[in-house]
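Yeah, the sequence shown ends on 212 if you go by the UniProt record's numbering, and it's all consecutive. Just so you know, even glycine gets a beta-carbon here, dropped at the ideal spot from N, CA and C. Only a predicted model underlies this, so the values are computations on that prediction, with no experimental measurement involved. Comments concern the structure below.
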Amino acid sequence: MSAEPYVPEHADLGELQKAAAGCEGCHLYEDATQTVFGEGGADARVVLVGEQPGDQEDKQGHPFVGPAGRVLDRALDEAGIERDDAYVTNAVKHFKFSRQGKRRIHQKPGITELRACLPWLRAELTTLNPEVIVALGATAGQALLGPEFRVTKQRGVPLPCPPLDRLGTREEQGEGRIVATIHPSAVLRAEDRDAAYDGLLADLRVAAALLA
Ligand code: URA
Ligand code: SF4
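Right under this line is the structure:
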């Protein structure tokens, strides 16, 4: 299982998005409504990586347009990261869910789905070559830095990025340009939402400072 055969070489963002719409690199395309590719300007200096589209994103076809997206938008604004400077995407491009009656319940993508979808994230990062990559939550962190990644231990400090052809491994390279933080939906689930939000904001400020 891999998206690799679907990813065009030397493609721009528009071409990647078009190709991703037809991806059958893992089984997740079967039940989801559509591929939700990353969005943002080709000049984006920061790429924010979430986990996978949620229910709203799956229906609307755009990343971070549901409740978690509203938390993220507010935090980006408060951290001084301009929307024009940001490209928002996910580690996995199709919504994974189970059904309970009419409801669709979010399911965490597994390591095989993460690995299968990684060629899309690699292509996005190769094309954009951002100064800073923000991993929103453990899944994004593991996609970028490997299964050993722990968000509680590694959040809020610049971490070295593996070479892009070795994404998802512990191989480190160059200056720290990855900053990890909690997922915005973890803010919504937290017992103390204000404290969780403040933590997210503090981490995004670390990312913003790298852009200065
Ligand atoms: N959660 C994510 O990780 N990504 C989205 O696009 C929406 C919710
Ligand atoms: Fe392709 Fe990723 Fe969707 Fe799987 S989740 S079908 S690899 S785009």
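{"Query": "Nearest neighbour of P109, chosen from P130, R103, L145 and G54 [CA to CA]", "Result": "G54"}
{"Query": "With 16 other Cβ atoms within 10 Å as the buried cut-off, status of K93", "Result": "buried"}
{"Query": "Cβ neighbours of residue 256 in the same chain (closer than 8 Å, five flanking residues each side left out)", "Result": "There is simply no residue 256 to check, as the chain begins at 1 and stops at 212 in what is shown."}
{"Query": "DSSP bridge partner residues for P160 (one or two, in chain order)", "Result": "G176"}
{"Query": "Contact belief for L211 with R45 at Cβ below 8 Å, rounded distance in angstroms", "Result": "6 Å"}
{"Query": "Nearest residue (CA-CA) to E148, options D77, V134, G168 and L164", "Result": "G168"}
{"Query": "Any C-beta of chain C under 9 Å from that of H62", "Result": "The chain labelled as chain C is not found in the depicted structure, where only one protein chain is given."}
{"Query": "L167 in three-state terms, based on DSSP", "Result": "coil"}
{"Query": "Proximity winner among L188, N90, V47 and S185, relative to T127 (alpha-carbon distances)", "Result": "V47"}
{"Query": "The ligand URA heavy atom lying under 8 Å from the CB of G110", "Result": "no"}
{"Query": "V151 - DSSP class collapsed to helix/strand/coil", "Result": "helix"}
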